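K.L.:
In terms of UniProt numbering, the sequence shown opens at residue 1 and continues consecutively.
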Amino acid sequence: MPTTYVYRFSEGDKDQKDLLGGKGANLAEMTRLGLPVPPGFTITTDACRAYLATGEVPEELAVQVTTALREVEAELGRQLGAAEDPLLVSVRSGAKFSMPGMMETVLNIGLNDESVKGLATASQDERFAWDSYRRLIQMFGKTVLDIDGEHFASALEAKKADRGVSLDYELDVEALTELVEEYKAIVREHADIDFPQDPRAQLDMATEAVFRSWNTERAHIYRRREKIPHDLGTAVNVCTMVFGNMGQTSGTGVCFTRDPSTGRSGVYGDYLVNAQGEDVVAGIRNTLSLSDLKTIDPESYKELRAAMRRLETHYRDLCDIEFTIERGKLWLLQTRVGKRTAAAAFRVATQLVDEKLITKDEALTRVTGDQLTQLMFPQFEHTGDNDLITKAMPASPGAAVGRIVFDNAEAVARAEAGEPVILVRRETNPDDLPGMVAAVGVLTARGGKTSHAAVVARGMGKTCVCGADQLEVDAAAKTIRVRGREDLVLTSEDTIAIDGQTGEVFLGEVPVADSPVMTYLRRGLQAALDAAGDVDSRELITSVDRLMRHADAVRRLEVRANADNPDDARHAIHRGAQGVGLCRTEHMFLGERKQFVQNLILAQTPQERESALAALLPLQKGDFVQMFETMNGKPMTVRLIDPPLHEFLPDFTELSVKVALDRERGALDPADEELLAVVRRNHEANPMLGLRGVRLLLTMPGLIELQVRAIAEAAVERLKAGGDPRPEIMIPLIGSVRELQIARERVEAVLAEVSQASGYELDFPVGCMIELPRAAVSADTIAEEADFFSFGTNDLTQTTWGFSRDDVEGTFFKEYLEEGVFGVSPFETIDERGVGRMVELGAERGRRTKPDLKLGVCGEHGGDPESIEFFHRAGLNYVSCSPFRVPVARLEAGRAAVFSSAQD
Ligand code: PEP
Ligand code: MG
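Written out as structure tokens, the structure reads:
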């Protein structure tokens with residue numbers, strides 16, 4: 001049996017997108033439904049792939065095209081390119097995934113020196129016939145024969161100038177016949193052949209050109225960006241031409257079964273009288289609305305409305321449809337499930353549930369976490385006269401307006417005084433965290449979408465624009481110069497506005513508004529409905545609420561938040577978090593407390609050490625009391641200290657310089673010299689792979705005991721007050737079971753001590769992070785000592801790939817993304833085949849030892865939609881993400897549950 005390369009529209013269906021492409025599959029479906037589709041056939045992606053593999057069109061294809069074409073001819077009683085009443089066809093590309101404008105289309109195939117006259121007679125419109133012919137030669141020349149389109153365009157311009165007209169359609173028959181001859185001459189000159197007069201040769205050559213267009217550079221670039229595989233190939237649709245430009249009873253339009261921008265129910269569309277397809281999209285003339293069509297051509301309108309209803313019922317979703325009316329006869333040329341805005345997605349999904357066209361589960365598959373994110377960001381209200389100073393990388397969405405600040409202390413101080421500020425830095429580093437927290441937005445002159453500023457800002461849901469290299473930020477002088485605007489020097493007195501969706505940076509105020517969905521998430525349904533200004537917003541809020549509640553009802557993954565302070569914890573709870581999955585405790589050692597840690601590191605005697613620890617204990621205990629109070633009754637995973645030791649010490653270079661200068665001046669403080677010796681001793685070439693996490697805990701006497709005592713005593717205090725603290729103690733950076741064993745013994749010893757002293761039973765779970773490949777691989781043994789695992793996918797990504805996030809994102813990631821080494825940064829979306837395997841392995845081996853082992857994830861990926869689906873499939877119990885992303889995680893966890901039950 002030869003391969004079937006050609007399917008009549010009457011043979012395929014909508015589920016055959018792999019073979020027939022999206023357009024071909026939907027044309028077939030419409031034909032099957034009995035809707036008025038011009039007859040035609042689809043050449044499969046198999047044929048394209050065969051051509052791409054061998055460089056030759058399969059011989060069998062030509063045979064099958066003949067049969068299909070003759071059937072179309074027989075159905076219509078006309079022949080391709082015949083001298084009388086010729087059949088004309090269009091040849092259009094159509095891949096599985098829509099690639100708008102990336103590949104080629106050739107219309108009016110079948111016209112030649114004879115059939116053009118036949119078309120003129122049949123249409124009783126000579127001008128139309130010659131215009132169609134010249135368009136064919138132009139399109140064919142450009143697309144099939146690779147002639148520079150400029151040659152045709154300039155001949156057309158010259159002809160209009162010669163005739164003294166400015167618009168194409170003002171050229172008369174005589175001008176068009178001349179133009180046809182000129183176009184033929186261009187073909188002869190540049191392609192070295194005569195324009196083919198044989199209609200079948202035209203068809204075959206156009207088909208081959210569509211195959212070839214799969215591999216143009218722009219198609220490659222588009223696919224890379226959209227993550228469409230390069231080996232799919234495109235189908236080719238050969239369809240009888242129908243004309244919307246045959247006078248006042250003809251026209252062409254696009255319509256939607258619901259409004260794709262607001263999501264309002266009720267049809268929506270544009271129509272152009274006496275026009276061809278491209279004219280509608282090109283916006284050349286003012287379009288009419290569908291209700292105008294109702295007046296102009298009630299019969300076609302009625303038929304179109306019936307078709308729209310039929311299609312929406314059939315696809316059970318919003319459809320968009322391209323149609324043409326040829327002399328009062330309606331034809332449907334294309335349909336697909338329509339693209340829509342985030343707001344429309346939520347509204348349409350719930351409308352369809354109410355109309356009983358889809359179930360609530362299906363509604364969840366129609367919206368995404370990314371769409372919810374879009375609905376959560378505040379937006380600028382553009383007035384048109386804003387002063388745009390530069391445009392850079394949109395790194396974290398939102399709209400922020402504030403005065404410029406250049407350093408952390410100033411950011412914190414001014415923010416505390418109630419002033420909205422934007423932190424502007426050349427680039428940020430972990431020390432900038434307080435400033436980033438205090439600021440309403442972050443702007444950096446260096447770094448890309450995965451730079452520190454971008455990642456941290458996204459995690460916090462804070463607006464961020466990165467890599468604004470037109471800006472020269474001088475933090476010492478507190479000025480910003482703008483390249484190309486020499487007159488402009490910005491200082492901390494200036495207000496700027498940054499748009500994290502577009503990367504635009506404006507000078508001065510631009511008004512911002514909280515989105516209705518954000519109001520809902522912050523203040524609840526009723527408050528948001530009360531505050532909503534219009535029906536659209538109210539319907540949107542209700543839709544989001546309904547879908548969120550359904551997601552909560554069906555999801556299997558719990559959603560926790562990463563929160564280190566009561567404010568974040570409160571936000572997280574408001575947004576539906578079921579606990580804290582990661583409370584990082586490093587901030588408990590920073591700021592003013594850094595001195596105590598230094599004292600601890602420098603301690604020479606047990607007394608010195610004891611006094612440093614004793615100073616830290618009440619401070620940390622106080623932090624935990626607050627957190628337990630906020631999280632009352634909900635689990636809270638407390639991670640013991642993680643960062644490298646050097647973060648608690650002064651900078652090596654700075655201190656070296658200070659000591660050298662002081663020595664020269666004869667004013668050297670011996671304490672500084674001593675400190676420098678310690679800093680030098682602890683200096684590491686790769687601190688991320690050095691003395692941190694459990695290694696620090698095991699080697700710094702008293703550290704574990706301090707933290708666990710603070711947790712335990714805080715818990716006792718809460719218990720005494722009638723509270724319900726639920727800490728889970730987590731040890732970071734475990735590589736071997738022995739590390740966990742030692743740590744655990746020490747944790748339990750302190751718990752037992754405080755328990756005994758207080759009389760309260762403190763039986764808190766003790767678990768560990770799995771963030772090193774060794775931990776994942778030996779998870780079966782580590783599980784013997786662990787009550788739970790939490791996958792630290794940030795470090796696991798670093799250590800599985802062997803690259804340091806802080807370094808690589810700003811260096812070679814851009815090239816790697818461009819070259820397709822990864823489609824998206826593995827720090828954003830879990831790298832399923834590498835890091836993901838580590839997670840699966842760790843989960844599976846851990847549960848081999850303890851079938852009920854509780855498994856979570858607390859890396860950045862815990863809030864990433866695609867990764868959440870993966871974690872669901874991997875069988876984890878919960879994801880933990882930044883408070884801002886909790887709603888997204890809830891929705892995505894619900895979707896993951898629906899998708900996986902659909903596959904069972
Ligand atoms: C992780 O490594 O994934 C993690 C959550 O820890 P951190 O980002 O604090 O290293
Ligand atoms: Mg980590």
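Note that the Cβ used here is the ideal one computed from N, Cα and C, for glycine as well.
Keep in mind it's a predicted model, so treat the numbers as computed, not measured.
1. Assign Asp46 to one of three DSSP states: helix, strand, or coil.
2. Restricting to Cα atoms, I'd like to know which of Thr428, Val465 and Val6 is closest to Val401.
3. With H, G and I counted as helix, E and B as strand and the rest as coil, what does DSSP make of Asn237?
4. Check each residue's C-beta against every heavy atom of the ligand PEP and list, in chain order, those closer than 6 Å.
5. Are there 16 or more other CB atoms within 10 angstroms of the CB of Glu29, so buried, or fewer, so exposed?
6. Is DSSP giving Ala399 helix, strand or coil here?
7. Looking at C-beta atoms only, is the number of pairs between the stretch 503-513 and the stretch 372-381 that lie closer than 8 Å three or more?
8. Is Met769 near the ligand MG, with its Cβ less than 7 Å from a heavy atom?
9. Measure the C-alpha to C-alpha separation of Gly690 and Asp317 and round it to an integer number of angstroms.
10. For the beta strand (DSSP E) containing Glu181, list its first residue and its last residue.
11. Can you find a C-beta in chain D that's less than 8 Å from the C-beta of His683?
12. If we count the other Cβ atoms within 10 Å of its Cβ and call it buried at 16 or more, is Gln604 buried or exposed?
13. Quick one: what does DSSP say Pro36 is sitting in, helix, strand or coil?
14. Pick out whichever of Asp499, Ile43 and Glu869 has its Cα sitting closest to the Cα of Cys239.
15. What separation, rounded to the nearest whole angstrom, lies between the Cα atoms of Gly283 and Val273?
16. Taking 7 Å as the cut-off, is the C-beta of Pro865 nearer than that to any heavy atom in the ligand MG?
17. How is the beta strand (DSSP E) around Leu332 delimited, first residue to last?
18. For His435, collect the residues of the same chain with a Cβ closer than 6 Å to its Cβ; drop the 5 residues on either side in sequence, then sort them by chain order.
19. For the ligand MG, any of its heavy atoms closer than 7 Å to the Cβ of Pro650?
20. Using the Cα positions of Val852 and Gln351, report the straight-line distance between them to the nearest angstrom.
21. Taking C-beta to C-beta, are Met627 and Arg726 nearer than 8 Å?
22. Among Val89, Gly81 and Leu136, whose alpha-carbon lies nearest the alpha-carbon of Ser115?
23. Considering Cα atoms alone, identify which of Cys319, Met246, Gly149 and Trp331 is closest to Glu303.
24. Between Pro826 and the ligand MG, is the CB less than 7 Å from at least one heavy atom?
25. Report the residue from Asn429, Phe406 and Ala438 whose alpha carbon sits nearest the alpha carbon of Ala417.
26. Which residue marks the beginning of the alpha helix (DSSP H) containing Ser291, and which one marks its end?
27. Ignore the nearest five residues each way along the sequence and tell me which others in Gly244's own chain have a CB closer than 6 Å to its CB.
28. Could you check what DSSP says for Pro635 in three-state terms: helix, strand or coil?
29. Cβ atoms of Thr800 and Met838: under 8 Å apart, would you say?
30. Tell me which same chain residues have a C-beta within less than 6 Å of the C-beta of Val824, skipping the five on either side of it?
31. Using the Cα positions of Glu322 and Tyr271, report the straight-line distance between them to the nearest angstrom.
32. Would you grab the beta carbon distance between Pro644 and Glu684 for me? Rounded to a whole angstrom, and I think it's under 8 Å.
33. My output table needs one value for Gln379: the three-state DSSP class, helix, strand or coil.
34. Is the stretch 223-232 touching the stretch 198-206, taking contact as three or more C-beta pairs under 8 Å?
35. For a test of your reading of the model: does the CB of Pro430 fall under 7 Å from any non-hydrogen atom of the ligand MG? Yes or no.
P.N.:
With the given structure in hand:
1. In the sequence shown, residue 46 corresponds to position 46, counting from 1. Asp46: helix per DSSP, three-state reduction.
2. In the sequence shown, the residue the question calls residue 401 occupies position 401. Measuring from the Cα of Val401, the nearest candidate turns out to be Val465.
3. Taking the first residue of the sequence shown as 1, we reach residue 237 at position 237. Of the three classes helix, strand and coil, the one that applies to Asn237 here is strand, per DSSP.
4. Leu582, Arg584, Asp642, Glu771, Gly792, Thr793, Asn794, Asp795, Cys858 and Gly859
5. Numbered from its first residue, the sequence shown carries residue 29 at position 29. Classification for Glu29: buried.
6. Position 399 of the sequence shown, counted from the first residue, corresponds to residue 399. Strand, per DSSP.
7. yes
8. Sequence index remark: in the sequence shown, residue 769 carries index 769 (1-based). Under cutoff, so the answer is yes.
9. The residue you call residue 690 lines up with position 690 of the sequence shown. The residue you call residue 317 lines up with position 317 of the sequence shown. Taking the straight line joining both Cα atoms gives about 54 Å.
10. As a first step, residue 181 must be located in the sequence shown, where it is residue number 181. Element bounds for Glu181: not the beta strand (DSSP E) but the alpha helix (DSSP H), Val173 to Ala191.
11. Absent from the structure is chain D; it holds one protein chain and no more.
12. Against the sequence shown, residue 604 aligns to sequence position 604. Gln604 comes out exposed.
13. Within the sequence shown, numbered from 1, the residue matching residue 36 stands at position 36. Coil at Pro36, not helix or strand.
14. Here residue 239 corresponds to residue number 239 of the sequence shown, with the count starting at 1. It is Ile43 whose Cα lies nearest to the Cα of Cys239.
15. Position 283 of the sequence shown holds residue 283. Position 273 of the sequence shown holds residue 273. For Gly283, the pLDDT reaches just 43, beneath the cut-off of 50, and the residue's location in the model is therefore unreliable, leaving the point undetermined.
16. Position 865 of the sequence shown, counted from the first residue, corresponds to residue 865. Answer for Pro865: no, Cβ out of range of the ligand MG.
17. Start at 1 with the first residue of the sequence shown, and residue 332 comes out as number 332. That run of the beta strand (DSSP E) goes Lys329 to Val337.
18. Taking the sequence shown and counting its residues from 1, one reaches residue 435 at position 435. In the sequence on display, residue 435 carries Gly and not His. These residues qualify, in order along the chain: Asn408, Ala411 and Leu423.
19. Walking along the sequence shown from the start, residue 650 turns up at place 650. Because no heavy atom of the ligand MG lies under 7 Å away, the Cβ of Pro650 does not count as near it: no.
20. Here residue 852 corresponds to residue number 852 of the sequence shown, with the count starting at 1. Here residue 351 corresponds to residue number 351 of the sequence shown, with the count starting at 1. Reading the sequence as shown, one finds Asp at residue 852 and not Val. Looking at the two C-alpha atoms, the distance is approximately 41 Å.
21. For this step, residue 627 is matched to residue 627 along the sequence shown. For this step, residue 726 is matched to residue 726 along the sequence shown. No. Outside cutoff.
22. The residue you call residue 115 lines up with position 115 of the sequence shown. When each option's Cα is compared against that of Ser115, the closest is Gly81.
23. For this step, residue 303 is matched to residue 303 along the sequence shown. Nearest option by C-alpha distance: Trp331.
24. For the purposes of this step, residue 826 is taken as residue 826 along the sequence shown, with counting starting at 1. Pro826 Cβ: outside cutoff for every heavy atom of the ligand MG.
25. Here residue 417 refers to the residue found at position 417 of the sequence shown. Ranking Asn429, Phe406 and Ala438 by Cα distance to Ala417 puts Ala438 first.
26. Residue numbering aside, residue 291 sits at position 291 when the sequence shown is read from its first letter. Taken as a continuous stretch (DSSP letters only), the alpha helix (DSSP H) holding Ser291 covers Leu290 to Ile296.
27. Within the sequence shown, numbered from 1, the residue matching residue 244 stands at position 244. Result list for Gly244: Ser250, Gly251, Thr252, Ala275, Gln276 and Thr324, in chain order.
28. Locating residue 635 in the sequence shown gives position 635, where the first residue counts as 1. In this structure, Pro635 counts as strand in the three-state DSSP scheme.
29. As a first step, residue 838 must be located in the sequence shown, where it is residue number 838. As a first step, residue 800 must be located in the sequence shown, where it is residue number 800. Cβ atoms of Met838 and Thr800: closer than 8 Å.
30. Residue numbering aside, residue 824 sits at position 824 when the sequence shown is read from its first letter. Within the same chain, Val824 has no close Cβ partners at all.
31. Sequence index remark: in the sequence shown, residue 322 carries index 322 (1-based). Sequence index remark: in the sequence shown, residue 271 carries index 271 (1-based). So the alpha carbons of these two residues sit roughly 10 Å apart.
32. For the purposes of this step, residue 644 is identified with residue 644 of the sequence shown, where counting begins at 1. For the purposes of this step, residue 684 is identified with residue 684 of the sequence shown, where counting begins at 1. Indeed they touch by this definition, with Cβ atoms about 7 Å apart.
33. What you label residue 379 is simply residue 379 of the sequence shown in a count that begins at 1. Gln379 falls in the strand class under three-state DSSP.
34. no
35. Sequence index remark: in the sequence shown, residue 430 carries index 430 (1-based). For the ligand MG, not one heavy atom lies less than 7 Å from the Cβ of Pro430.
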